[in-house]
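Peer 1: After the structure tokens below, expect a handful of questions from me.
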Amino acid sequence: MLSLRESTAPRTVAAYVSIGTEPPTAELLSVLRTGEVQVLVPVLLDDLDLDWAIYETDAPMSASSGGLWTPDGPRLGRDAVVDADLVVVPALAVGRDGTRLGRGGGSYDRALVRVPGGRPILALLYDGELVDRVPAEAHDRRVTHAITPSAVHRLPIGPDVR
């Protein structure tokens with residue numbers, strides 16, 4: 009993940025604070041902030057869409073709906089993700105065609121619609137969670153990379169499922 013960051017030299021990264029059994033993101037967020045990258049993290053809204061807030065390494069955070077940890081600071085709005093040069097998303101699994109399996113709420117699919125084409129969208133996974141195929145729905149948005157502990161997998165860039 010960090011080698012991709014260096015090759016793309018993003019100024020703004022949309023990422024997430026991991027929860028539960030998700031691959032840990034604390035070190036990634038810390039390294040991004042050390043490198044003067046602005047980091048946006050999601051804030052789950054009542055309609056399951058995502059707002060965004062600026063992540064600071066030592067700033068106070070609170071548990072919000074859905075169990076997400078979010079900064080206590082101001083919200084930037086749903087469209088803040090448009091400014092991200094690189095987007096890092098959680099996933100339960102990713103198919104080799106880039107189809108991402110999330111938790112079923114569609115929050116990231118709503119947010120990813122706003123991301124301009126050509127921007128890298130990376131899913132963090134454990135080894136074994138990159139699979140041949142995952143179920144797809146009309147609203148699903150594809151990812152461009154699957155990052156596992158053992159490899160960076162560049163996925164075919166093709167049309168979204170929708």
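Here the numbering used here is used: the first residue of the sequence shown is 9, the next is one more, and so on.
The beta-carbon is built from N, C-alpha and C at its ideal position, and this holds for glycine as well.
1. According to the Cβ coordinates, are S72 and V51 closer than 8 Å?
2. Under the rule that 16 or more other beta-carbon atoms within 10 Å means buried, what is D117, buried or exposed?
3. Return the CA-CA distance between P68 and W60, expressed in angstroms with no decimal places.
4. Residues in its own chain within less than 6 Å of A101 by CB, not counting five upstream and five downstream?
5. Which residues in the same chain have their Cβ closer than 8 Å to the Cβ of L84, if we skip the five residues on either side of it in sequence?
6. Can you check which of these residues, R127, R104, A99 and D105, is closest to G114 by C-alpha distance?
7. For G103, name the three-state secondary structure that DSSP assigns.
8. Whose CA, out of P124, T78, P18 and H153, lies closest to the CA of D66?
9. Compare the beta carbon distance of T152 and L130 with 8 Å and say whether it is the shorter of the two.
10. Would you call the CB atoms of V25 and L37 closer than 8 Å?
11. For G75 and R86, what's the separation of their Cα atoms in angstroms?
12. Using the C-alpha atoms, what's the distance from E35 back to V21?
13. The alpha helix (DSSP H) spanning L133 covers which residue range?
14. In this structure, how does DSSP classify V89 when only helix, strand and coil are distinguished?
15. Alpha carbons only, please: which of P31, I165, D105 and R149 is nearest the one belonging to A119?
16. Please report how far the alpha carbon of E45 lies from the alpha carbon of P128, in whole angstroms.
Peer 2: Concretely, from the data shown:
1. yes
2. buried
3. 15 Å
4. L109, E137, V139 and V142
5. L48, D59, W60, A61 and I62
6. A99
7. strand
8. T78
9. yes
10. yes
11. 19 Å
12. 14 Å
13. From DSSP, L133 is part of no alpha helix (DSSP H); its letter is neither H nor E.
14. helix
15. R149
16. Strictly speaking, residue 45 in this sequence is Val, with Glu absent from that position. Going from the Cα of V45 to the Cα of P128 covers about 16 Å.
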